[in-house]
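Residue 28 is where the sequence shown starts when you use this note's numbering, and the numbers rise one by one after that.
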Amino acid sequence: MRIAILSDIHGNIAALDAVLTDIASRGVDRIVNLGDILSGPLFPCETADRLMALDLPTIRGNHERQLLTLASDAMGPSDRYAHSVLQPRHRQWIASLPENLWLADDALMVHGAPDGDLVYFLETIEDGGTRAATADEIEARAGGIAAPLMLCGHTHVPRIHHRPGGGLIVNPGSVGLPAYDDVHPMPHKVETGSPHARYAIAEKGADGWHAGIIEVAYDWEGAAACAQARARPDWAQALRTGTL
Numbered sequence: 028m029r030i031a032i033l034s035d036i037h038g039n040i041a042a043l044d045a046v047l048t049d050i051a052s053r054g055v056d057r058i059v060n061l062g063d064i065l066s067g068p069l070f071p072c073e074t075a076d077r078l079m080a081l082d083l084p085t086i087r088g089n090h091e092r093q094l095l096t097l098a099s100d101a102m103g104p105s106d107r108y109a110h111s112v113l114q115p116r117h118r119q120w121i122a123s124l125p126e127n128l129w130l131a132d133d134a135l136m137v138h139g140a141p142d143g144d145l146v147y148f149l150e151t152i153e154d155g156g157t158r159a160a161t162a163d164e165i166e167a168r169a170g171g172i173a174a175p176l177m178l179c180g181h182t183h184v185p186r187i188h189h190r191p192g193g194g195l196i197v198n199p200g201s202v203g204l205p206a207y208d209d210v211h212p213m214p215h216k217v218e219t220g221s222p223h224a225r226y227a228i229a230e231k232g233a234d235g236w237h238a239g240i241i242e243v244a245y246d247w248e249g250a251a252a253c254a255q256a257r258a259r260p261d262w263a264q265a266l267r268t269g270t271l
């Protein structure tokens, strides 16, 4: 079993299409999507239509939850733009998505961590940025779930963690946004340092699950120009450089 893992697409259809093309050359059995799919100043509707047609196993992230539950004047600018252009069919689709999903008996999909879509699973916020979480921190956030494979997103930081008692936790990084800043639970930045789209492939062998992170080049200058034209220079910088 080979699974391609997507997360945090954020309406970046050029990055998504480049990733899907790369996946098609790698002989995977399934593609899954860990949420934060549409929010941002790029192409939310086109991204939703592409993914709705593919009908992948998909969970919602915090941005889908926010799009469904917050008033537009309470949203940040990325959610507000998506909210302004999404059609009823797109809203119906994201409303149908579960928070977490068991892909098989041994593979659990979550957006943040099992107990919350805003929880950083494999990173810890510190000194205005993030660091790799300790094994003890990760196990506390796992909440006693001992799935051989756990898939998470949210932080946009690609990381593969081997659990001390066995098992793998994989964050594939972000397909569509390689850097961002946030104020939850305190102000901090996340920067991957390059503009590439990222995803992961996990493969189950006789000795358990193994995984690797894949970086894909795409027209990030075009994506950045779109963000700039829509009055989001912060996104333009992040898309061009993977930094803020």
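Where is the CB? At the ideal position from N, CA and C, for every residue including glycine.
Bear in mind the structure is a predicted one, so any value in this text is a computation, not a measurement.
For the set Thr-182, Glu-218, Val-46 and Ala-131, the Cα lying nearest the Cα of Tyr-147 is the one of Thr-182. In this structure the region 157-167 does not touch the region 116-128; the number of beta carbon pairs closer than 8 Å is below three. For Arg-29, the enclosing beta strand (DSSP E) has its first and last residue at 29-33. Remark: C-beta atoms of Ala-174 and Asp-133 approach each other more closely than 9 Å.
Segment contact: the region 246-263 against the region 46-58, fewer than three CB-CB distances shorter than 8 Å; contact not assigned.
With respect to the 9 Å criterion, Pro-68 and Trp-262 are classified as neighbours on the basis of their beta carbons. The alpha-carbon separation between Thr-151 and Thr-157 amounts to approximately 5 Å. Straight through space, the alpha carbons of Met-177 and Asp-209 are spaced by roughly 24 Å. Within the region 33-113, the runs of beta strand (DSSP E) that reach at least 3 residues and sit entirely inside it are, in chain order, 57-60. Rounded to the nearest whole angstrom, the C-alpha separation of Trp-129 and Asp-56 is 16 Å.
Here Met-213 is exposed: its Cβ has fewer than 16 other Cβ atoms, across all protein chains shown, within 10 Å. Around the beta carbon of Glu-153, fewer than 16 other beta carbons lie within 10 angstroms, which makes this residue exposed. A direct Cα-Cα distance of roughly 12 Å separates Gly-193 from Ile-172.
Burial state of Pro-125 is exposed, judged by a 10 Å Cβ sphere holding fewer than 16 other Cβ atoms. In the assembly as shown, Thr-96 is an exposed residue. Its beta-carbon has fewer than 16 other beta-carbons within 10 Å.
Straight-line measurement puts the Cα of Leu-149 at about 13 Å from the Cα of Gly-143. Put simply, the region 103-111 touches the region 61-78. At least three CB pairs are less than 8 Å apart. In this structure Gly-180 is in contact with Asp-35, their Cβ atoms being roughly 5 Å apart against a cut-off of 8 Å.
Secondary structure of Ile-172 (DSSP, three-state): coil. Shortest Cα-Cα distance from Ile-121 to any of Met-102, Leu-94, Asn-127 and Ala-98 involves Leu-94. By the C-beta density criterion, Gly-62 is buried, having at least 16 other C-beta atoms within 10 angstroms.
For the pair Arg-186 and Val-202, the CB atoms are not nearer than the 9 Å cut-off.
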